[in-house]
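Participant: One structure follows; several queries about it will come next.
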Amino acid sequence: MNGILNFIVSVATTPALLVGLIAMLGLILQKKTASTVIQGSIKTFAGFLVLTGGAGILVTSLNPFATMFQHVFNAKGVVPSNEAVVALALVKYGTPAALIMIVGFIVNVILARFTRFKYIFLTGQAMLYVSTMSAVVLISAGLGNGWLTILLGGIFEGTLLTITPALTQRYMRKITSNDEVAMGHTGNMGYALSGWLGEKFGNKDPEKSTEKLNIPLYCLCGHSSRDFCSRICGCSSRRSYDFVRNYSSISRDC
């Protein structure tokens, strides 16, 4: 009996296995073929391992850059990337994050069934981001990684995933000319605010668009993010040269 309990605990505390089993259960409930169930489970398991393995590579790669950045600019920097942050957090909080995601999806389905918010959130990576953030915040607040954290995090995520698509739906109807699809993204609150501000202060003529503006050739960065980034890099090339030169001298001194 103890052996069985130890096996269950080991599976439940191994995020990659837990997520793989969740995928397997979902495929079975969808009545997929045996080959599809096996392939989907293996791909999910392997993908999670790649994600957590990549987190270690990311940390190793960024450590030298952080040292250079702190020395040259005398400032501490961060990586403004939710993918990178989630990958790092999953190494330590993978199990509660996965369980919060399950509870959150169940809450989402229940709310969609019994309330007027008929939205099922299917953007998987966004669900993972929210569940990981919830796990980190609740555990850091001292609630531990037990069922209280999982339940509270799941309720928060499920409620968020149900309500936020409703905030942008009026604008989605204007864009898509139908009510069959909703926006499933973590930026829904910002999108809804942008839409509201556009209605209040924007141009009332729907035929007018920034895409139709005639911009001079020397300002084409307004049409291409790559041109814009290249101009910024060009302007900062002198600083970048000093950055590398200073770090090279530090390395030689060491």
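Take the sequence shown: its letters are residues 7 to 260, numbered as in my numbering.
C-beta: ideal position from N, C-alpha, C; glycine also.
Run through DSSP, which three-state label would L128 get?
Facilitator: coil
Participant: Tell me the rounded alpha-carbon separation between N252 and F79.
Facilitator: Model confidence at N252 stands at a pLDDT of 49, short of 50, so the residue's coordinates are unreliable; what they give is reported in the following sentence. Distance between the alpha carbons of N252 and F79 is about 11 Å.
Participant: Quick one: what's got a C-beta closer than 7 Å to T138's C-beta in the same chain, skipping five residues either side?
Facilitator: V92, A95, L96, Y99 and A103
Participant: Excluding sequence positions up to five away, which residues of its chain have a Cβ less than 7 Å from the Cβ of D248?
Facilitator: Confidence in D248 is poor, its pLDDT being 49 and thus under 50, which makes the residue's placement unreliable; the coordinate value appears in the next sentence. Closer than 7 Å at the Cβ level, and outside the excluded window around D248, lies no residue.
Participant: Whole angstroms is fine: what's the gap from S246's alpha carbon to K38's?
Facilitator: The pLDDT assigned to S246 is 46, lower than 50, so where the model puts this residue is not dependable, and the model offers no usable value.
Participant: DSSP on T66, reduced to helix/strand/coil?
Facilitator: T66: helix per DSSP, three-state reduction.
Participant: T193: buried (16+ other C-beta within 10 angstroms of its C-beta) or exposed?
Facilitator: Residue 193 is actually Gly in this sequence, not Thr. Exposed.
Participant: What span of residues does the alpha helix (DSSP H) with F162 cover, start to end?
Facilitator: W153 to T182
Participant: Using three-state DSSP, classify E205 as helix, strand or coil.
Facilitator: Reduced to three states, the DSSP call for E205 is helix.
Participant: Tell me the rounded alpha-carbon separation between K206 and L166.
Facilitator: 26 Å
Participant: How would you call S110, buried or exposed, if buried means at least 16 neighbouring beta carbons within 10 angstroms?
Facilitator: Before going further, note that residue 110 is Gly rather than Ser in the sequence given. The residue in question, G110, is buried, as its Cβ has 16 or more Cβ neighbours within 10 Å.
Participant: Excluding sequence positions up to five away, which residues of its chain have a Cβ less than 8 Å from the Cβ of N151?
Facilitator: If we look at N151 and ignore the five residues flanking it on each side, its Cβ neighbours are Y99, T101, P102, A141 and I145.
Participant: Using 8 Å as the threshold, is the C-beta distance between M133 and T170 below it?
Facilitator: Cβ atoms of M133 and T170: not closer than 8 Å.
Participant: Comparing C-alpha positions only, which one of T174, R119 and F127 sits nearest to M107?
Facilitator: F127
Participant: Taking one C-beta from the stretch 48 to 59 and one from the stretch 20 to 29 each time, how about it: are there three or more such pairs within less than 8 Å?
Facilitator: yes
Participant: Is the Cβ-Cβ distance between G190 and T129 less than 8 Å?
Facilitator: yes
Participant: With a threshold of 8 Å between beta-carbons, can L173 be considered close to chain C, or not?
Facilitator: The question asks about chain C, but that chain is absent: this structure has only one protein chain.
Participant: Please identify the residue among T182, S183 and N114 whose C-alpha is closest to the C-alpha of G160.
Facilitator: N114
Participant: When burial is assigned at 16 or more other CB atoms within 10 Å of the CB, is V261 buried or exposed?
Facilitator: Residue 261 cannot be examined here, being either before or after the span of the chain that is shown, 7 to 260.
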